[in-house]
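To start, the structure itself, in structure tokens.
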């Protein structure tokens with residue numbers, strides 16, 4: 032910017048009486064001659080439509096609207112001709128080109144206003160509203176093309192034209208412009224990371240993620256996007272309110288300022304409206320989509336561990352309420368069977384067997400047997416693989432035999448067993464669901480029974 036010379040060789044003094052300003056401006060100065068007689072004196076002049084902020088000689092001057100050099104012929108005789116020559120020294124239409132905006136300046140303003148007042152806020156507000164109206168992802172294609180292509184291109188062109196004008200970064204408009212360009216490049220990289228990068232199983236434990244699958248990059252991307260829109264609005268505002276005048280292009284019309292305020296207020300209203308009314312709808316839609324995805328995954332991954340190993344997430348298992356089963360009926364023991372003792376003679380032991388092999392062969396074990404909804408069932412477990420058996424439903428079966436003749440020990444034992452078996456059995460809990468939320472198969476297979484021989488000898492003696 033022009034600065035005042037503290038000790039000039041000559042000082043021009045304004046002759047107020049000879050100066051006037053009506054339809055045209057005229058200024059008269061008195062300038063002392065040089066020490067040595069000179070025929071020609073060079074003068075550089077400049078005029079601006081904007082007054083300085085203060086009458087202080089040290090106040091900052093803005094760029095002049097019109098300027099140019101000229102020469103004075105001080106020793107030439109006056110013959111009714113101009114003593115000042117030089118095409119640029121005369122105030123004609125040709126000199127006004129210095130105060131007019133050039134094509135590069137018009138392109139700079141156009142690209143900047145389109146980027147900051149239309150493209151950038153539109154790429155934020157449109158997805159904010161449409162994500163609460165539809166389940167399709169066309170908003171993402173619009174957002175990517177609008178912000179990643181058009182906005183970045185317009186900002187880059189405006190920034191390059193601003194650099195071509197020269198000068199220092201000494202105004203609010205230029206500082207905001209540099210910040211806008213830097214943030215736009217950073218936001219492009221953040222957008223690629225937020226929308227296309229998913230951390231692997233090794234990185235996921237060191238990052239946090241919401242239940243809807245959003246990580247840190249998503250929240251940073253949203254925050255930086257809002258900051259970029261605000262910086263863009265500030266850049267355009269300082270551009271036509273201060274920079275335009277500061278560079279010598281005159282005052283901007285007030286209609287342009289009013290229009291800027293109306294556009295900004297419209298975008299802010301739409302964004303707040305989308306947050307209040309459409310963000311809850313978006314969250315409900317995402318929750319429904321996630322539930323459908325989990326149900327689809329459960330068809331392929333039977334457990335949460337397998338799903339996590341493949342990069343999926345499953346909900347915690349749900350356990351149904353326990354339901355009782357009907358009480359089991361009483362059982363009768365099998366007749367006694369002969370047994371060979373160690374001395375080679377048959378002993379009459381009170382043994383009780385059921386179907387010979389792989390069955391319960393003692394009253395104690397027999398008292399543990401009960402039915403599972405059928406009189407031909409036995410104690411069953413919950414293996415996944417079905418094992419067909421006699422009843423065709425995966426249950427072990429037995430046929431109680433006739434009650435044998437018994438002695439006192441047998442009678443005492445059976446009395447106790449009968450009293451115990453006559454009481455209703457406690458409810459058997461139903462099986463819970465699996466880790467993936469699906470119940471077990473409906474036909475459990477029996478646990479393999481083990482023969483537990485128990486001999487009771489009547490009377491004394493050794494075995």
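In the numbering used here, the protein residues as written are 32 to 494. Glycine included, every Cβ here is placed at the ideal spot set by N, Cα and C.
Same chain, Cβ closer than 7 Å to residue i, neighbours up to 5 away in sequence not counted
i	result
residue 139	189, 192 and 193
residue 16	Not covered by the structure: residue 16. The range shown for the chain is 32 to 494.
residue 275	283
residue 152	260 and 298
Residue environment, residue i, which counts as buried when at least 16 other CB atoms sit within 10 Å
i	result
residue 48	exposed
residue 218	buried
residue 45	exposed
residue 195	exposed
residue 215	buried
residue 166	exposed
residue 381	Confidence in residue 381 is poor, its pLDDT being 44 and thus under 50, which makes the residue's placement unreliable; the coordinate value appears in the next sentence. Its Cβ being crowded by 16 or more others within 10 Å, residue 381 is buried.
residue 212	buried
residue 38	exposed
residue 271	buried
residue 234	exposed
residue 292	exposed
residue 495	Here the chain comprises residues numbered 32 to 494, so residue 495 is not present and cannot be evaluated.
Rounded C-alpha distance that separates residue i from residue j
i	j	result
residue 298	residue 134	30 Å
residue 284	residue 290	10 Å
residue 101	residue 62	15 Å
residue 2	residue 254	The structure shown does not extend to residue 2, since the chain is modelled only from 32 to 494, so the question has no answer here.
residue 294	residue 325	43 Å
residue 308	residue 163	8 Å
residue 86	residue 245	59 Å
residue 150	residue 287	19 Å
residue 179	residue 252	13 Å
residue 58	residue 50	5 Å
residue 236	residue 273	51 Å
residue 344	residue 242	Bear in mind that a pLDDT of 49 at residue 344, under 50, signals an unreliable position, so the model cannot answer this.
residue 125	residue 277	Unreliable placement is indicated for residue 125, whose pLDDT of 31 sits below 50; the coordinate value is still reported in the next sentence. When rounded, the distance between both Cα atoms is 22 Å.
residue 199	residue 78	23 Å
residue 256	residue 239	21 Å
residue 220	residue 197	29 Å
residue 281	residue 40	32 Å
residue 250	residue 226	11 Å
residue 181	residue 35	45 Å
residue 406	residue 323	Bear in mind that the predicted position of residue 406 carries a pLDDT of just 42, short of 50, making it too unreliable to give a figure here.
residue 209	residue 201	11 Å
residue 83	residue 137	26 Å
residue 43	residue 205	35 Å
residue 171	residue 147	20 Å
residue 168	residue 320	13 Å
residue 76	residue 296	44 Å
residue 99	residue 141	29 Å
residue 328	residue 173	30 Å
residue 187	residue 143	9 Å
Cβ-heavy atom distance, residue i to the ligand MN, below 6 Å
i	result
residue 74	Absence of the ligand MN from the depicted structure is noted, as is the absence of any ligand whatsoever, leaving it without description.
Spatial neighbours of residue i in its chain, beta-carbon cut-off 8 Å, leaving aside the 5 residues before and after
i	result
residue 145	185
residue 222	175, 178, 179 and 252
residue 248	221, 224, 225 and 228
residue 183	215, 216 and 219
residue 258	214
residue 60	43, 44, 45 and 46
Residues of its chain near residue i, where Cβ-Cβ distance is below 6 Å and the 5 sequence neighbours each way are ignored
i	result
residue 203	269
residue 73	102
residue 305	159 and 160
residue 230	238
Given 8 Å, three or more beta-carbon pairs between the segment 288–302 and the segment 149–160: yes
Three CB pairs or more closer than 8 Å across the segment 308–323 and the segment 159–169: yes
Segments of 4+ residues assigned as alpha helix (DSSP H) that fall wholly inside the segment 246–318: 247–269 and 285–304
Beta strand (DSSP E) runs contained entirely in the segment 167–243, provided each spans 3 or more residues: none
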